[in-house]
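Here the protein sequences line up with chains W and C, keeping their order.
The numbers in this note's numbering rise by one with no breaks, and the one at position 90 of the first sequence is 106.
The numbers in this note's numbering rise by one with no breaks, and the one at position 311 of the second sequence is 319.
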Amino acid sequence: MSNIDLSINFAGIKAPNPFWLASAPPTNSGYQVMKAFEAGWGGAVWKTLGVPVQNVSSRYGAINYRDTRMAGLNNIELITDRPLADNLREIEEVKKYFPNHAVIASLMVESKKEWFQIVKDVENAGADGIELNFGCPHGMCERGMGSAVGQEPEVLNTIVQWVMQAASIPVITKLTPNISDITDPALAAVRGGSSALSLINTIKSIVGIDLDTYAPYPIVDGKGTNGGYCGPAVKPIALHMLKELAGHPEIRNTPISGIGGIETWRDVVEFILLGATSVQVCTAVMHYGFGIVREMEAGLRQFMSDKGYSSIYDFAGKAVPNVVEWKHLNLHYKVVASINADKCIGCQLCHIACDDGAHQAIALPSNGSRVPEIIDENCVGCNLCSLVCPVEDCITMERRDDGSKTETWAERTVLGKIPEHFNDPRGGGVGHFVPEPSAALNYKRKDRSGRK
Amino acid sequence: MAEYKRPETPQDFIRNFAPKKPLMNSSEAYYESARCLYCYDAPCMDACPTHIDIPLFIKQINTGNIKGAAATIYDSNWLGNACGKVCPTEQLCEGSCVYTHQDMKPLQIGRLQNFATEAAMQAGSPLFSPGKDNGRKVAIVGAGPAGIACACELRVLGYSVEIFEAKALPTGLTVYGTAPYKITNEEALRENEYLQNQLGYTIHYNHPIQNAAQFAELEQRFDAVFLGLGLGATARLGIPGEDLPGVVGAVEFVEELRMKQSAYSIPDTVVVIGGGNTAVDAASESARMGASSVHLVYRRTKAEMGAYDFEYATALGAGVKGVFEASPLHIEGEGRATGVTFARPDGTEFHLPAQLVIKGTGQAKQGELLKHLPNISTDSKGRIVVDEAFQTTRPGYFAAGDAVNGGAEVVNAAYEGKCAAQGIHQWIQTNKA
Numbered sequence: 017m018s019n020i021d022l023s024i025n026f027a028g029i030k031a032p033n034p035f036w037l038a039s040a041p042p043t044n045s046g047y048q049v050m051k052a053f054e055a056g057w058g059g060a061v062w063k064t065l066g067v068p069v070q071n072v073s074s075r076y077g078a079i080n081y082r083d084t085r086m087a088g089l090n091n092i093e094l095i096t097d098r099p100l101a102d103n104l105r106e107i108e109e110v111k112k113y114f115p116n117h118a119v120i121a122s123l124m125v126e127s128k129k130e131w132f133q134i135v136k137d138v139e140n141a142g143a144d145g146i147e148l149n150f151g152c153p154h155g156m157c158e159r160g161m162g163s164a165v166g167q168e169p170e171v172l173n174t175i176v177q178w179v180m181q182a183a184s185i186p187v188i189t190k191l192t193p194n195i196s197d198i199t200d201p202a203l204a205a206v207r208g209g210s211s212a213l214s215l216i217n218t219i220k221s222i223v224g225i226d227l228d229t230y231a232p233y234p235i236v237d238g239k240g241t242n243g244g245y246c247g248p249a250v251k252p253i254a255l256h257m258l259k260e261l262a263g264h265p266e267i268r269n270t271p272i273s274g275i276g277g278i279e280t281w282r283d284v285v286e287f288i289l290l291g292a293t294s295v296q297v298c299t300a301v302m303h304y305g306f307g308i309v310r311e312m313e314a315g316l317r318q319f320m321s322d323k324g325y326s327s328i329y330d331f332a333g334k335a336v337p338n339v340v341e342w343k344h345l346n347l348h349y350k351v352v353a354s355i356n357a358d359k360c361i362g363c364q365l366c367h368i369a370c371d372d373g374a375h376q377a378i379a380l381p382s383n384g385s386r387v388p389e390i391i392d393e394n395c396v397g398c399n400l401c402s403l404v405c406p407v408e409d410c411i412t413m414e415r416r417d418d419g420s421k422t423e424t425w426a427e428r429t430v431l432g433k434i435p436e437h438f439n440d441p442r443g444g445g446v447g448h449f450v451p452e453p454s455a456a457l458n459y460k461r462k463d464r465s466g467r468k
Numbered sequence: 009m010a011e012y013k014r015p016e017t018p019q020d021f022i023r024n025f026a027p028k029k030p031l032m033n034s035s036e037a038y039y040e041s042a043r044c045l046y047c048y049d050a051p052c053m054d055a056c057p058t059h060i061d062i063p064l065f066i067k068q069i070n071t072g073n074i075k076g077a078a079a080t081i082y083d084s085n086w087l088g089n090a091c092g093k094v095c096p097t098e099q100l101c102e103g104s105c106v107y108t109h110q111d112m113k114p115l116q117i118g119r120l121q122n123f124a125t126e127a128a129m130q131a132g133s134p135l136f137s138p139g140k141d142n143g144r145k146v147a148i149v150g151a152g153p154a155g156i157a158c159a160c161e162l163r164v165l166g167y168s169v170e171i172f173e174a175k176a177l178p179t180g181l182t183v184y185g186t187a188p189y190k191i192t193n194e195e196a197l198r199e200n201e202y203l204q205n206q207l208g209y210t211i212h213y214n215h216p217i218q219n220a221a222q223f224a225e226l227e228q229r230f231d232a233v234f235l236g237l238g239l240g241a242t243a244r245l246g247i248p249g250e251d252l253p254g255v256v257g258a259v260e261f262v263e264e265l266r267m268k269q270s271a272y273s274i275p276d277t278v279v280v281i282g283g284g285n286t287a288v289d290a291a292s293e294s295a296r297m298g299a300s301s302v303h304l305v306y307r308r309t310k311a312e313m314g315a316y317d318f319e320y321a322t323a324l325g326a327g328v329k330g331v332f333e334a335s336p337l338h339i340e341g342e343g344r345a346t347g348v349t350f351a352r353p354d355g356t357e358f359h360l361p362a363q364l365v366i367k368g369t370g371q372a373k374q375g376e377l378l379k380h381l382p383n384i385s386t387d388s389k390g391r392i393v394v395d396e397a398f399q400t401t402r403p404g405y406f407a408a409g410d411a412v413n414g415g416a417e418v419v420n421a422a423y424e425g426k427c428a429a430q431g432i433h434q435w436i437q438t439n440k441a
């Protein structure tokens, strides 16, 4: 692994590695940022600077899934509540100790004058870059900032232009996912001259309701407000939006910093494969501390060593061409589930998932064992059984077509081979076995109550 | 060799008999319950003699519906708390958990069951209420697990129920015959109290039904009679010296120990004869009481022992020594037992010193008692014969539990007692309408 170089040059911002802290509570102070750099982080986006706010007590709420704490986190904390002067002094101090690490100042102000002033202030403090916070979906947006800007491409474009006039250091525009088409604000930023993009900011959310007080979490004296949702649960949304930008002809040459639920090396690699060339992390640090970066770095290095990469640029964006529109998928591709009877533990979740939730293609065993049986002719290859199976590598999806034929919906459309009316025999499900509705009535749970 | 000091105070006793399945705290229950796969047609449900919907109650624990979890448990098993503690879960629900097929630890179903039922009992919140009074009355003989389960089920169906118990305490072998590290007296009694408070059945203590006149009176006053008689005293070995002081049956030994606790004084040398679970329990308990030498002697091979492997392992862990293929010839002693002579299959003899000889050789059936009830058939092993509805060959008399199955677990009695209540209900509806 000795020839692996994790350093990056992100739109002119240099860092020893792509692991950055997102602008959030972990970057609230110079103490935290220096502690993070000591722990191995390559960069930090400072907690958003502006006119200091007043925060409430009770700021975070979480989704726990089964025994997993904080599968999703929601916060109603606003930007920094510390005086700008204190933050600037600490930025300066951090840069003295860590001249080669990336310190990026996240900014959120209102007027053109304020933007000009604060850009100059953070440049003078020694920041390596600026990130424009156009994403916060709680609190600040009510005052016309944060996601209120990110949701108005024209306003966003104007502010980016102001900042580009004032700034001599690289500028990253951070986007909100609370919008129907992420490419709209991204294009506005790129056209405004933004050096780079970052996404996603948090998702507008209510994480839950307290069943005694009927108030949403986090509860502030009996009331609550929508928060910004983040953590592992939001990763799929972030990956999709990242791909939307990385695959867009007018955006893809702009560097993108990936944010959203990143916790492990796998997450990091996935974001890079979809085009991110730095990643930003918040929730994982709020959960496990700065030390979580050790696992990310070790895993990333291992992956790169296994694949023979020496720099993240060797594989950045490699998955982008494989994300296509549905209509370009091969309709002749065919997989069928296969159960490894030696590994099966007999939970029969695959049976009930398929019978109730999918395509009635897994029968209960007839031989007295508890190993269910795949009904090949019913299996549409949906993957569900392999997803619910609790045993590693017990249910596998096996390819059945010989790979010689490729035909997509787009091609069939051109050839006039697509179903056109309601009972068109060219529909895929025509002829597929479906049990008679009344067969469901024979499907009762065993009565074991001993009661008549 | 003694690994346990003789308990001198109640605290010492509690320490020596530290619970085998201690109560979970809510964090442990939360994380443990999260492991449940929610199997379809779960094998643990089939393995449970009362068929508790185990995946459901575990999911309910995980989602914070603890009271609902307790209701699910009690809906199937009226002795849900006791069973969570005393059941051989290693052989039943936990032994069938699909995780075991992956060489992974099974769900701790017994402890989760305790957690939920304990929480319900602590809260004292009723889970069930008696059915609308249907004017019919049922007498139950014996307040053991079968009798209590039968009583609860009948109360829900609207019957008034009176239980006649020969002893001073309810729950039968749960309180009198179980190893103290499985369940304490207080725990056993509390569950009955909890059920009685909700469902309102009467228990007449120290009220043995032991003659024909008493049965006749029951028949007159009640619409049906349920026999939850359990088993009798320890069977005789039929060897010289058996009647010496210092020779005691395993069931009687456990009962005395449980009632006296730290006040029970065990001699230094103990020999337990037998290879069943009760014998192994008695040996285990002797060691925990601080006896310096405890031998468990079984006439057949180790593989042929009736006791569960895990029970024997527990006894070994407490310091018991197993001796196999040795039959007792006679018990020695002048006015009091001092030892036992055994014979090997090859005819050689050996002697073990024993100031206490515990006979773990099985309990006799209630044959004497049944003589007062003509027309109640028993099989060749002395077990009461019942039909599918748990009705005996004497109409209006139903029976379940050890007297019918020959001696099984609390959980078996709990299920049979409940089913018998349903049988009584059907019978009364048909015959006394």
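We treat Cβ as the ideally placed atom computed from N, Cα and C, and that holds for glycine.
Item: His338 (chain C) vs Pro275 (chain C) beta-carbon contact at 8 Å; Value: no
Item: Distance between Gly298 (chain C) and Ala326 (chain C) (C-alpha atoms, nearest Å); Value: 10 Å
Item: Segments assigned beta strand (DSSP E), at least 3 residues, entirely inside the segment 289-315 of chain C; Value: 301-306
Item: Top-ranked residue by Cα proximity to Thr64 (chain W), from W:Val284, W:Arg98, W:Ala55 and W:Gly333; Value: W:Arg98
Item: Beta carbon of Tyr107 (chain C) nearer than 8 Å to that of Asn142 (chain C); Value: no
Item: Neighbouring residues, chain C, relative to Gln364 (chain W) (Cβ below 7 Å); Value: Cys47, Tyr48 and Asp49
Item: Of the residues W:Leu347, W:Lys239 and W:Leu380, the one placed nearest Ala426 (chain W), counting alpha carbons only; Value: W:Leu347
Item: Within 8 Å, strictly: CB atoms of Leu162 (chain C) and Pro406 (chain W); Value: no
Item: CA nearest to the CA of Gln206 (chain C), picked from C:Gly132, C:Asp20, C:Ser300 and C:Tyr316; Value: C:Gly132
Item: Cutoff 8 Å: Gly466 (chain W) Cβ touching any chain C Cβ; Value: yes
Item: Proximal residues to Arg198 (chain C) (C-beta, below 7 Å), its chain only, five neighbours per side dropped; Value: Met129
Item: 9 Å Cβ cut-off: residues of chain W touching Asn420 (chain C); Value: Chain W residues near Asn420 (chain C): none, gap ~12 Å exceeds 9 Å.
Item: Simplified DSSP state of Gln399 (chain C), which is helix, strand or coil; Value: strand
Item: Where Val187 (chain W) sits in the DSSP three-state scheme; Value: strand
Item: According to DSSP, residues forming a beta bridge with Glu389 (chain W); Value: W:Ala379
Item: Residues near Val61 (chain W) by beta carbon distance below 7 Å, same chain, minus five either side; Value: Trp36, Leu37, Ala38, Ser39, Thr43, Ile120, Ser122, Glu147 and Gln296
Item: Asn44 (chain W) - containing beta strand (DSSP E), residue span; Value: It is not in any beta strand (DSSP E) - Asn44 (chain W) carries neither H nor E in the DSSP assignment.
Item: Cutoff 8 Å: Val442 (chain C) Cβ touching any chain W Cβ; Value: Residue 442 (chain C) lies beyond the range of chain C shown here (9 to 441); nothing can be said about it.
Item: Straight-line Cα distance separating Phe438 (chain W) from Glu40 (chain C); Value: 50 Å
Item: Any chain W beta carbon closer than 8 Å to Gln430 (chain C); Value: yes
Item: Proximity to Asn19 (chain W) [Cα-Cα], best of W:Lys343, W:Cys401, W:Gln318 and W:Lys462; Value: W:Gln318
Item: Stretch-stretch touch, CB-based, cutoff 8 Å, three pairs: the segment 138-158 of chain W with the segment 102-116 of chain W; Value: yes
Item: is_contact[Val284 (chain W), chain D] using C-beta, thresh 8 Å; Value: As a matter of chain content, chain D is missing from the structure shown, whose protein chains are W and C.
Item: Three CB pairs or more closer than 8 Å across the segment 374-393 of chain C and the segment 404-415 of chain C; Value: yes
Item: Separation of Ser273 (chain C) from Gly343 (chain C), as counted between CA atoms; Value: 19 Å
Item: The segment 231-240 of chain W in contact with the segment 198-212 of chain W per 3-pair CB rule at 8 Å; Value: no
Item: Residues sharing a beta bridge with Arg415 (chain W), DSSP; Value: W:Val351
Item: Sheet register partners of Gly58 (chain W) (DSSP bridge); Value: Gly58 (chain W) pairs with nothing; no bridge assigned.
Item: Ile175 (chain W), enclosing beta strand (DSSP E) - first and last residue; Value: Here Ile175 (chain W) belongs to no beta strand (DSSP E); instead the alpha helix (DSSP H) covers Pro169 to Ala182.
Item: Neighbouring residues, chain W, relative to Met53 (chain C) (Cβ below 7 Å); Value: Arg464
Item: Asn90 (chain W) and Tyr113 (chain W) closer than 8 Å at C-beta; Value: no
Item: Straight-line Cα distance separating Phe53 (chain W) from Gly46 (chain W); Value: 10 Å
Item: Strand pairing of Ile272 (chain W), partner residues [DSSP]; Value: W:Leu213 and W:Ala292
Item: Under the three-state DSSP convention, the category Thr199 (chain W) falls into; Value: helix
Item: For Glu357 (chain C), the three-state DSSP class (helix, strand or coil); Value: strand
Item: Per-residue burial, Asp251 (chain C) [other beta carbons within 10 Å of its own, 16 or more giving buried]; Value: exposed
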